[in-house]
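What the sequence shown shows, in mature numbering (1 follows the signal peptide of the UniProt record, and there is no 0), is residues -23 to -1, 1 to 552, in sequence order.
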Amino acid sequence: MRAFLRRVGVFAAVWLAVPAALAQSSYDLVFRQGFERSDDRPSTRGEASRFLAQATFGGSDADIDALAASGYDAWLSAQIALPPTSMLPYMRAQAGTADPLEPIPFHLFKQAWFVRTLGAQDQLRQRVAFALSEILVVSERGNGLENDGLALGAYYDILLRNALGNYRQLLEDVTLSPAMGRYLSMYRNRKPDLANNIQSDENYAREVMQLFSIGLVKLHRDGSPVIVGGRTVPTYDVGTVRGFARVFTGWACHCGPGQPCPADPFPVEPFTCSTEHEMVPYEAYHDRDAKTVLDGVVLPAGRDARPELEAALDVLFNHPNVAPFIARQLIQKLVTSNPSPGYVDAVAAAFENNGQGVRGDLAATVRAMLTHPEARDGHRTMPQTFGKVREPIVRLAQLWRAFDVMWENDALFPDDREIHESHNQSPLLSPSVFNFFSPGYTPGGALATAGLVAPEMQIVTANFAIRLANDVNGRVYWSYRGGPMDEFDDRVRLIRLERWEASIRPAPGANEAPAGAVDRLIDRCAELLVGGQITPALRSRIRARVLSIDADDPLRRVQNAIYLIATSPEFAVQR
């Protein structure tokens, strides 16, 4: 089984077999581009590509050139300054409606996600929002959200709006989202009424602590657990959950003028109100008694629903666990699955204070994460443990963006609508609130022995490995501009290979490609897909395969080079 998975390029334990020599790729050694060497600028195109793989859904040649010209700091500042490219306006335009209550099918959210992921300028924001969607999880598969593109598109826009904002605001917006209200049953949560056998729902109260803010055990700022008497220390107990459950009472959907909503939504089951506007309080159903919440903090009696909710979220937000808990997960989603304690500590410190006394600044947190020496040089300084398995949907996006994806019609081809089936993953479609994979998952074997995790491996199966390789085959050999799928349907996403093909086409009257053209092709493909970090063994095999194809078939040569890198362990693992 393991040998098979290695062959198809998805087995994460390849980390432990990568020699230290990988730290200096053949491209870095032979094809340096003469970039200025400084702490703020990538010294090679490969280094620029590595950064973009961490910060975005992958870089094209033009993206790499822009980063090389501006440097990391200026690139980050420019990205942070860009406004969010939202989902709902696009979805409404595609649905042909401006009615805020008009239902929108979920496939239009997936369509919007691909259009934004592949084409939006605010790539950093888009990438961070996707990472947050796997931490603050809402799913189309849960609790009345089936095919509700309107509610889910509005929820994703919350993540986009706050992805580079403040985590405290994000936490409040997520808490009051109608999609979250339905998914984790805070919507229409009532105060306790023993006479009628009503207890406050504890679902959101538990998950906002366990998954969205402080986690299960107390942490040092470097992410390591606090140990007392040889044991970890729980962050909360059942009493804490019950206290927060009573805080989150009295909230239901917003009912605007002219909307067909009941004056009192609590006795009425159908969810007919706005799914875009945040939930609003209905004080008659809010528990106004005193409550003990986290670490013995008491919220006094007599408070209305909103000020009490805000006070409770302040208690959570200011807990010392939040910085390392969120910092570590963002690092895992974007950079490396096994960050060192020093790396987590540095990013958590930026979360705690952005340099101007502000806590929870996600832009400062992300900047600290992406510019930290471990992010920039971990593949050289700690090659045995640095890196992460690329998420399947991110692998696809990076392949498309690397080779200048294009399409004529935004509407998703049916194959792309069901892409979660071939990739075991799709945005806002996880099987539970625990996401597609756990941040602490390890597949066992050598990784577990070494104390390492590989979260993304939790969704890998033998069938998945075959499907993923077959999917890449279809994207490279069939779905290219001028290819079979281009002729078949204008909704298909197409990679553009014309310039690559031209670069290795023999001159008129010649029998072979220009001198060095095949080597340049392989190294440029490796630069785009693996940051130039191609091992000599893989490079040698690709070169032999490419040269075995007739020179008068340059397209097939290009396709083979791309396919062999895109299905290799070196692309499966982002380093």
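Cβ coordinates follow ideal geometry from the N, Cα and C atoms, glycine included.
Beta-bridge partners of residue i, as assigned by DSSP
i	result
residue 397	Paired residue(s): none; residue 397 is not in a bridge.
residue 45	In DSSP, residue 45 forms no bridge with anything.
residue 551	365
residue 562	In the structure as shown, the chain begins at -23 and stops at 552. Residue 562 is therefore absent and cannot be evaluated.
residue 204	209
residue 471	383
residue 115	DSSP output for residue 115 lists no bridge partner at all.
residue 170	175
residue 188	Answer is none; residue 188 lacks a bridge partner.
residue 194	211
Endpoints, the alpha helix (DSSP H) within which residue i is located
i	result
residue 440	439 to 454
residue 358	350 to 358
residue 87	83 to 96
residue 220	215 to 224
residue 459	Where residue 459 is concerned, there is no enclosing alpha helix (DSSP H), given that its DSSP letter is neither H nor E.
residue 133	126 to 139
residue 157	155 to 160
residue 107	100 to 110
residue 65	65 to 72
residue 484	Careful: residue 484 lies outside any alpha helix (DSSP H) and carries neither H nor E.
residue 152	144 to 152
residue 490	That residue, residue 490, is in no alpha helix (DSSP H); it is neither H nor E in DSSP.
residue 421	No alpha helix (DSSP H) holds residue 421; DSSP gives it neither H nor E.
Short Cβ contact (8 Å threshold) for residue i with residue j
i	j	result
residue 205	residue 231	no
residue 282	residue 227	yes
residue 99	residue 59	yes
residue 166	residue 337	no
residue 342	residue 328	yes
residue 473	residue 383	yes
residue 133	residue 154	no
residue 506	residue 535	no
residue 551	residue 367	yes
residue 93	residue 64	yes
residue 349	residue 324	yes
residue 222	residue 242	no
residue 277	residue 289	no
residue 196	residue 185	no
residue 159	residue 127	no
residue 508	residue 73	no
residue 469	residue 380	no
residue 481	residue 416	no
residue 557	residue 131	Here the chain comprises residues numbered -23 to 552, so residue 557 is not present and cannot be evaluated.
Euclidean distance between Cα positions of residue i and residue j
i	j	result
residue 114	residue 333	30 Å
residue 317	residue 464	50 Å
residue 275	residue 172	26 Å
residue 104	residue 302	19 Å
residue 462	residue 425	43 Å
residue 260	residue 83	33 Å
residue 545	residue 192	35 Å
residue 300	residue 526	54 Å
residue 106	residue 529	45 Å
residue 466	residue 67	22 Å
residue 452	residue 406	23 Å
residue 322	residue 309	14 Å
residue 120	residue 240	23 Å
residue 340	residue 307	12 Å
residue 311	residue 369	13 Å
residue 251	residue 395	28 Å
residue 291	residue 253	24 Å
residue 397	residue 71	22 Å
residue 375	residue 190	30 Å
residue 225	residue 273	18 Å
residue 496	residue 485	21 Å
residue 593	residue 179	The displayed coordinates of the chain run from -23 to 552. Any statement about residue 593 would go beyond what the structure contains.
residue 411	residue 491	53 Å
residue 422	residue 430	11 Å
residue 360	residue 487	43 Å
residue 399	residue 129	22 Å
residue 13	residue 520	Only weak support is given to the placement of residue 13: the predicted model assigns it a pLDDT of 40, under 50, and the value that follows is read from those uncertain coordinates. Taking the straight line from one Cα to the other gives about 30 Å.
residue 262	residue 436	41 Å
residue 517	residue 524	11 Å
residue 563	residue 543	Past the boundaries of the shown model lies residue 563; the chain is included only from -23 to 552, so the question cannot be answered.
Min CB distance residue i to chain C below 8 Å
i	result
residue 128	Absent here is chain C; the protein component of the structure consists of one chain.
Check: Along the chain, which unbroken stretches of the beta strand (DSSP E) at least 3 residues long are found entirely within the stretch 269 to 349?
Finding: The stretch 269 to 349 contains no whole beta strand (DSSP E) run of 3 or more residues.
Notebook entry, point to check: Going along the chain, which unbroken runs of the alpha helix (DSSP H) with 4 or more residues stay wholly within the stretch 495 to 540?
Noted result: Every unbroken stretch of the alpha helix (DSSP H) spanning 4 or more residues and falling wholly within the stretch 495 to 540 is given here in chain order: 513 to 524.
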